[in-house]
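*Asks:* Chains as they are written, first to last, in my numbering: chain A, 3 to 162; chain B, 10 to 300.
Please read through the structure below; I'll follow up with questions.
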Amino acid sequence: MNRQQVTATINGEHKEFLCEPRQSLLEVLRDELFLTGTKEGCNDGNCGSCNVILDGTLVNSCCIFGVEANGGHITTIEGLSKGNELHPLQQTFLEGTGMQCGFCTPGFLIAASALLDENSEPTEEEIRHWLVGNLCRCTGYDKIVKAVQDAALILRERAL
Amino acid sequence: MRNFDYKLPTSLNELTDMLSHGGHTARLLAGGTDLVVAMRGGRMTPEVVIDTKHVEELNELSFNDHTMILGASVTCRKVCRNPQIVKHFPALIDCATLIGGTQIQNRATLGGNLCNAAPSADTIPALIVLKAQANICGPHGSRQVPVETFCTGPGQTILEGNEILVSFSIPLPREHEGAFFIRFIPRNDMDIAIANAAASIVIASSGETIIEGRVAIGAVAPTPLYVSDVEPVLSGRPIADDVIAQAADIARQSARPITDMRGTVDQRKHLTHVLVRRALNGAVNRARGND
Numbered sequence: 003m004n005r006q007q008v009t010a011t012i013n014g015e016h017k018e019f020l021c022e023p024r025q026s027l028l029e030v031l032r033d034e035l036f037l038t039g040t041k042e043g044c045n046d047g048n049c050g051s052c053n054v055i056l057d058g059t060l061v062n063s064c065c066i067f068g069v070e071a072n073g074g075h076i077t078t079i080e081g082l083s084k085g086n087e088l089h090p091l092q093q094t095f096l097e098g099t100g101m102q103c104g105f106c107t108p109g110f111l112i113a114a115s116a117l118l119d120e121n122s123e124p125t126e127e128e129i130r131h132w133l134v135g136n137l138c139r140c141t142g143y144d145k146i147v148k149a150v151q152d153a154a155l156i157l158r159e160r161a162l
Numbered sequence: 010m011r012n013f014d015y016k017l018p019t020s021l022n023e024l025t026d027m028l029s030h031g032g033h034t035a036r037l038l039a040g041g042t043d044l045v046v047a048m049r050g051g052r053m054t055p056e057v058v059i060d061t062k063h064v065e066e067l068n069e070l071s072f073n074d075h076t077m078i079l080g081a082s083v084t085c086r087k088v089c090r091n092p093q094i095v096k097h098f099p100a101l102i103d104c105a106t107l108i109g110g111t112q113i114q115n116r117a118t119l120g121g122n123l124c125n126a127a128p129s130a131d132t133i134p135a136l137i138v139l140k141a142q143a144n145i146c147g148p149h150g151s152r153q154v155p156v157e158t159f160c161t162g163p164g165q166t167i168l169e170g171n172e173i174l175v176s177f178s179i180p181l182p183r184e185h186e187g188a189f190f191i192r193f194i195p196r197n198d199m200d201i202a203i204a205n206a207a208a209s210i211v212i213a214s215s216g217e218t219i220i221e222g223r224v225a226i227g228a229v230a231p232t233p234l235y236v237s238d239v240e241p242v243l244s245g246r247p248i249a250d251d252v253i254a255q256a257a258d259i260a261r262q263s264a265r266p267i268t269d270m271r272g273t274v275d276q277r278k279h280l281t282h283v284l285v286r287r288a289l290n291g292a293v294n295r296a297r298g299n300d
C-alpha cells in the first residue's frame, strides 16, 4: 500500500513526512519523527499516555491515523517547554513529585496544559474530571492534582 | 493492523461515490474511537476507510424555528459546548459529557455512537426520547427514520448497502417539556453502562399533570430500547410517585438483559427500575424549569 505524504505543523515547526494509512498518529510521532516523549500505554484510548493537542483539542494520538493529521497543528510534550525554560506544569510536577515512574507524565502534562488553556482557575473537581482519561498507577493522583493547581496559580500570577 | 486505502471526501456526493466503489468492507471514519480500536484488534478489516470529517452535511449544527439539525460527525465536545444545546437539550449534555474522558469526547460523535449500535450506547436513549429522526442518504435517495428503529442488534443497523447516516433532526422542546439521561457504572467515569435510561416528559402548565412521556433504556437488551408501553401509563396522569413507579415497572418488564462481566440479569432489571424512576423525576424537574 502506498505511503501518503502528510504535512503538519508540529511544535511550531513545519513537517512533511510519509506514512502508511494504518499508522496511528502516535506511531508516526514516535517511529517516523522520533518524537518519543509521547508514550504508548494501552493503545486503545483508555490511558492517556499518548495525549497530544491536535488543532487546539486534546486527543489520544493512538486512536487517530497519521493521515488524519494532514494540515493540522500538533503540540507534543516536546513542545511544552520554551527551550530550557520548563512550562509551569513541568516545574510544579517536579517540585511536587507529581510523578514516580514518569511513564504517564507526558500525557498528564499535555492534558493539564489543554485544561489550563481554556480554564485558568479550575477547581479540584474540574481538574479530576478533566483528567479521568489519564491513568497513573504510581502517585494516587493527589500530587498530580496539586501540581496542576500550583501551575494554574503561577500562570494566573504571570498574566497579571 | 492491515493496511487500507484512506479517502477524504469533501462533499456528500463524493462520499457516497467513494462508498459505492469501496467494496463491501468499506468503513466510514468519524471520530475513530470505536473503529480504530476495532481495526487494531482485527475485528474489522476494511480495505477502504472514508473519513467523514470534511463533509459539510455531516458537520452541520443548525437550528430553525422547530428543529435542530445535528450532523452525524459532530463531536460530543461540540455538543457540550453549544449554548443552544445546553439550553434546549440538557439530556444530550447528560450523556455526551460522560462518554469516555475529555480526549474521547473531543473525537467521538453522536452519529458514530448510533452507527456503532452498541446496546450500551449512552447517547441513543436520549436521542430516542427526544424524538430524533435519523437522516439517511444512499444510492436510491434519502430517507428519514426514528432513531428507535435504527439499531437492529448489537453492532447491526438498518443501514443498507452504501447508505450513510448524515444527520439527526431533533424537534425543539415544547413549553413545559423536559428530558433527562442517567446511567449506572461502578466507577465515577470512563466505564460502560451496566444499565442506562432516558426520559422526556411534557407537563401541563399547572405543573401537576403529565401530557406525554417517553422512556428509553439501554444495556438491557440487544439494542437500546424504546419502551412505548410507558406512554399510555403516563399520559393524562398526575405527576406522582406511584405513576412514575408504574412506568418504571413497565420498563423493568421490557428489559431483556443478559448476565455478563459487568452485571447480572437481576441487577440490570433492578437498575432499570431505579434509573427510569430517576430519569422521569429528572425530566419532570426540567419540565418545571428547575434543573
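Each residue gets a CB set at the ideal place from its N, CA and C atoms; glycine is no exception.
Between Ser83 of chain A and Ser115 of chain A, what straight-line distance do the alpha-carbon atoms span, to the nearest angstrom?
*Replies:* Answer to the nearest angstrom: the Cα atoms are 11 Å apart.
*Asks:* Which parts of the stretch 167 to 209 of chain B are runs of the beta strand (DSSP E), unbroken and 3 residues or longer, counting only runs that do not cross its ends?
*Replies:* Counting only runs of 3 or more, we get 173 to 180 and 186 to 193.
*Asks:* Report the neighbours of Asn45 of chain A on chain B: residues whose CB is nearer than 9 Å to its CB, in chain order.
*Replies:* Going along chain B in sequence order, the residues near Asn45 of chain A (Cβ under 9 Å) are Val46 and Arg49.
*Asks:* Enumerate in chain order the residues of its own chain whose CB-to-CB distance from Leu91 of chain A is below 8 Å, with the five nearest sequence positions on each side excluded.
*Replies:* Closer than 8 Å at the Cβ level, and outside the excluded window around Leu91 of chain A, lie Leu82, Leu111, Ala114, Ser115, Leu118, Ala149, Val150 and Ala153.
*Asks:* Would you identify the three-state DSSP class for His131 of chain A, choosing helix, strand or coil?
*Replies:* Residue state, collapsed to three classes: helix.
*Asks:* Hey, Pro233 of chain B and Cys160 of chain B are a contact pair by Cβ (cut 8 Å); roughly how many whole angstroms apart?
*Replies:* Contact flag correct, Cβ pair sits at about 6 Å.
*Asks:* Can you say whether Phe190 of chain B is buried or exposed, counting buried as having 16 or more other CB atoms within 10 angstroms of its CB?
*Replies:* Phe190 of chain B should be labelled buried.
*Asks:* What separation, rounded to the nearest whole angstrom, lies between the Cα atoms of Gln25 of chain A and Cys140 of chain A?
*Replies:* Their backbone Cα atoms lie some 30 Å apart in a straight line.
*Asks:* Take every Cβ of the stretch 194 to 207 of chain B, pair it with every Cβ of the stretch 219 to 227 of chain B, and state whether three or more of those distances are shorter than 8 Å.
*Replies:* Touching, yes.
*Asks:* Using a cut-off of 7 Å between C-beta atoms, extract the partners of Val69 of chain A located in chain B.
*Replies:* In chain order: Tyr15.
*Asks:* Looking only at its own chain, which residues have a Cβ that is under 7 Å from the Cβ of Val95 of chain B, when we skip the five neighbours before and after it?
*Replies:* Around Val95 of chain B: Ile102.
*Asks:* Quick one: measure Cβ to Cβ for Ala81 of chain B and Ser176 of chain B, integer angstroms, because I've assumed they're closer than 8 Å.
*Replies:* The pair is a contact, with the Cβ atoms about 6 Å apart (cut-off 8 Å).
*Asks:* Does the count of Cβ pairs from the stretch 148 to 163 of chain B and the stretch 105 to 120 of chain B closer than 8 Å reach three?
*Replies:* The stretch 148 to 163 of chain B, when compared against the stretch 105 to 120 of chain B, does not touch it at the 8 Å Cβ threshold.
*Asks:* Can you tell me whether Gln25 of chain A is helix, strand or coil according to DSSP?
*Replies:* Reduced to three states, the DSSP call for Gln25 of chain A is coil.
*Asks:* For the stretch 58 to 87 of chain A, enumerate the residues whose C-beta is nearer than 9 Å to any C-beta of chain B, in chain order.
*Replies:* Residues Thr59, Leu60, Val61, Asn62, Cys64, Cys65, Ile66, Phe67, Val69, Glu70 and Asn72.
*Asks:* Please classify Phe67 of chain A: does DSSP put it in a helix, a strand, or coil?
*Replies:* Phe67 of chain A: strand per DSSP, three-state reduction.
*Asks:* Spell out whether any CB of chain A is found under 8 Å from the CB atom of Asp198 of chain B.
*Replies:* So, interface residue.
*Asks:* Assuming contact is defined by CB atoms lying nearer than 8 Å, are Ala188 of chain B and Leu243 of chain B in contact in what I supplied?
*Replies:* Against a cut-off of 8 Å, the Cβ pair of Leu243 of chain B and Ala188 of chain B comes out as no contact.
*Asks:* Since His75 of chain B is in the beta strand (DSSP E), which residue starts that stretch and which ends it?
*Replies:* That residue, His75 of chain B, is in no beta strand (DSSP E); it is neither H nor E in DSSP.
*Asks:* If the cut is a Cβ gap below 7 Å, which residues of chain A does Arg59 of chain B touch?
*Replies:* Before going further, note that residue 59 of chain B is Ile rather than Arg in the sequence given. Here the premise fails: no neighbours, minimum Cβ distance about 11 Å.
*Asks:* Buried or exposed for Glu70 of chain A, please, with buried defined as at least 16 other CB atoms from any protein chain shown within 10 angstroms of its CB.
*Replies:* It counts as buried.
*Asks:* Using alpha carbons as the reference points, say which of B:Pro231, B:Ala143 and B:His97 lies closest to Gly162 of chain B.
*Replies:* If we check each option's Cα against that of Gly162 of chain B, B:Pro231 comes out closest.
*Asks:* Looking at the C-beta of Asn53 of chain A, does it have a partner C-beta in chain B at a distance below 8 Å?
*Replies:* Interface residue, yes.
*Asks:* What's the gap between the Cα of Val285 of chain B and the Cα of Arg261 of chain B?
*Replies:* Computed Cα separation, rounded: 9 Å.
*Asks:* Among B:Asp251, B:Gly120, B:Asn22 and B:Asp258, which residue has its Cα nearest to the Cα of Ser237 of chain B?
*Replies:* The option with the nearest alpha carbon to Ser237 of chain B is B:Asp258.
*Asks:* Between Thr218 of chain B and chain A, is any beta-carbon pair separated by less than 8 Å?
*Replies:* By this cut-off, Thr218 of chain B is not an interface position.
*Asks:* Which of the three DSSP states, helix, strand or coil, is assigned to Gly227 of chain B?
*Replies:* Gly227 of chain B: strand per DSSP, three-state reduction.
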